[in-house]
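Student: Going by UniProt numbering, the letters in the sequence shown line up with residues 1 to 336, in that order.
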Amino acid sequence: MRTGQAERAAPRSPAAGTGPTWLAALARRHGATLVLALVILLGSLTFGSSFTGPGNLSAIALDASYLLLVATGMTFVILSGGIDLSVGSVLALSGVLAAYGSRWGTAGAVLLPLAVCGLIGLVNGLLVGRARLAPFVVTLATLLFARGLAFAVSQEGNRVYIIPADLALTRIGQASVLGVGVPVLIALAVFAIAGVVLNRTRFGLRVFAAGNGDGHAAELMGLPVARIRVRVYVLSSLLAGLAGVLIAAQTASGLPTLGEGRELEAIAAVVIGGTLLTGGAGSLGGTLAGVLLLKVIQNLINQVGTLSSAYQQVVSGTFLVLVVLVQAALARRRQK
Numbered sequence: 001m002r003t004g005q006a007e008r009a010a011p012r013s014p015a016a017g018t019g020p021t022w023l024a025a026l027a028r029r030h031g032a033t034l035v036l037a038l039v040i041l042l043g044s045l046t047f048g049s050s051f052t053g054p055g056n057l058s059a060i061a062l063d064a065s066y067l068l069l070v071a072t073g074m075t076f077v078i079l080s081g082g083i084d085l086s087v088g089s090v091l092a093l094s095g096v097l098a099a100y101g102s103r104w105g106t107a108g109a110v111l112l113p114l115a116v117c118g119l120i121g122l123v124n125g126l127l128v129g130r131a132r133l134a135p136f137v138v139t140l141a142t143l144l145f146a147r148g149l150a151f152a153v154s155q156e157g158n159r160v161y162i163i164p165a166d167l168a169l170t171r172i173g174q175a176s177v178l179g180v181g182v183p184v185l186i187a188l189a190v191f192a193i194a195g196v197v198l199n200r201t202r203f204g205l206r207v208f209a210a211g212n213g214d215g216h217a218a219e220l221m222g223l224p225v226a227r228i229r230v231r232v233y234v235l236s237s238l239l240a241g242l243a244g245v246l247i248a249a250q251t252a253s254g255l256p257t258l259g260e261g262r263e264l265e266a267i268a269a270v271v272i273g274g275t276l277l278t279g280g281a282g283s284l285g286g287t288l289a290g291v292l293l294l295k296v297i298q299n300l301i302n303q304v305g306t307l308s309s310a311y312q313q314v315v316s317g318t319f320l321v322l323v324v325l326v327q328a329a330l331a332r333r334r335q336k
């Protein structure tokens with residue numbers, strides 16, 4: 001059951017929609033967007049055109065597009081009550097396989113990594129959905145497997161496969177339309193389709209239902225929870241694979257070290273966007289705000305110049321802890 005439907009179905013007090021309850025709902029749904037607007041305003045006033053310039057904004061958008069693809073798949077997984085720790089390694093493996101497969105043209109550079117990534121997602125989904133193993137353990141195992149396979153294909157990282165500059169995939173990855181990178185447009189198109197699927201289809205409704213109460217209520221209603229979880233893990237791996245293909249296309253190469261920590265960054269973006277780690281409540285709009293917020297904060301840290309990149313992780317981690325604490329407080333308020 002989606003968040004809005006659940007709230008309409010729940011009994012409401014005479015004062016519902018006003019006071020602290022209304023403010024709590026607003027903070028949970030749109031908190032990331034409000035903070036993002038505030039951070040952008042502060043960045044604009046502090047750094048001026050060096051932050052708001054077209055070149056810098058284009059760089060933020062390009063970096064955010066890859067994370068948005070991964071975080072979109074992660075949103076489906078978390079909403080269904082799971083977690084996927086393998087997406088960073090899957091992204092790296094996809095990039096290496098894209099570069100390796102480029103010897104067979106654009107088709108090989110795209111189909112080979114997506115097929116392998118889809119298979120990894122299928123394994124994750126079957127072990128979590130059908131075998132009922134813990135998602136943390138299953139996806140941790142595939143994290144190690146995918147990263148190891150990426151290093152094996154690249155001969156322990158000693159061989160870097162190069163994608164030919166005249167390949168259609170390379171031109172797509174490095175092209176731009178009106179100053180906006182094509183990978184950004186692809187990510188936005190995928191995000192829009194995912195939004196329609198999540199909010200306007202029966203499958204989307206079932207994803208929300210699968211995340212409520214560990215899916216027990218959904219199973220009692222006759223919903224195929226195991227099948228739903230298989231599909232969301234396949235989707236997550238495919239989107240991570242697509243991100244890896246686009247990064248390889250943009251850099252014209254595939255490196256097995258890509259994507260390190262990207263799974264944690266995606267989880268942070270999803271949670272910061274208001275999706276509950278317990279599943280069943282959240283939105284893709286919030287995920288988009290969470291992705292942009294993380295990337296804007298990272299860019300502002302780089303604008304300072306005197307701070308090392310390690311502070312990006314410090315800020316992201318601190319922000320995530322604060323968001324989880326706020327979520328816990330809001331959850332307790334809703335239960336009262």
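The C-beta atom is built at its ideal place from N, Cα and C for all residues, glycine as well.
For clarity, every value in this text was computed on a predicted model and none was experimentally measured.
If I measure Cβ to Cβ from asparagine 299 and keep anything under 6 Å in the same chain, skipping five residues before and after, which residues do I get?
Tutor: Ile60
Student: Is it right to say isoleucine 267 is buried, meaning 16 or more other beta carbons lie within 10 angstroms of its own, or is it exposed?
Tutor: buried
Student: May I have the straight-line CA-CA distance separating alanine 187 from isoleucine 172, to the nearest angstrom?
Tutor: 13 Å
Student: Within the continuous alpha helix (DSSP H) that includes threonine 251, where are the two ends?
Tutor: 225–251
Student: Taking the straight line between their C-alpha atoms, what separation do you get for glutamine 5 and leucine 114?
Tutor: Reliability of the predicted coordinates at glutamine 5 is poor, the pLDDT of 43 falling under 50, and the value obtained from them is presented with this limitation in mind. Taking the straight line from one Cα to the other gives about 35 Å.
Student: Of all the alpha helix (DSSP H) runs that stay within the bounds of the stretch 133–184, which reach a length of 4 or more residues?
Tutor: 135–153, 168–174
Student: Here's the rule I'm using: 16 or more other beta-carbon atoms within 10 Å means buried, otherwise exposed. How should serine 253 be labelled?
Tutor: buried
Student: Which class does glycine 53 belong to by DSSP, given the choice of helix, strand or coil?
Tutor: DSSP places glycine 53 in coil when its eight states are reduced to three.
Student: On the DSSP letters alone, give me the boundaries of the alpha helix (DSSP H) that glutamate 260 sits inside.
Tutor: No alpha helix (DSSP H) holds glutamate 260; DSSP gives it neither H nor E.
Student: Measuring straight from C-alpha to C-alpha, what distance separates leucine 38 and glycine 282?
Tutor: Distance from the CA atom of leucine 38 to the CA atom of glycine 282, rounded to whole angstroms, is 22 Å.
Student: Can you list, in chain order, the residues of its chain whose CB lies under 7 Å from that of threonine 139, leaving out five sequence neighbours each side?
Tutor: Ile83, Asp84, Leu85, Ser86, Asn124
Student: Would you give the residue range spanned by the alpha helix (DSSP H) that arginine 202 belongs to?
Tutor: 202–210 is the extent of the alpha helix (DSSP H) around arginine 202.
Student: Assuming isoleucine 228 contacts alanine 210 under a Cβ cut-off of 8 Å, what Cβ separation, rounded to an integer in Å, is found between them?
Tutor: 5 Å
Student: Please go through the same chain and pick out, in chain order, the residues whose beta-carbon is closer than 7 Å to the beta-carbon of leucine 185, but skip the five residues on each side of it.
Tutor: Val177
Student: Taking C-beta to C-beta, are alanine 32 and lysine 295 nearer than 7 Å?
Tutor: Lysine 295 sits away from alanine 32, with the two beta carbons spaced by 7 Å or more.
Student: Report buried or exposed for glutamine 250, applying the criterion of at least 16 other Cβ atoms within 10 angstroms of its Cβ.
Tutor: It counts as buried.
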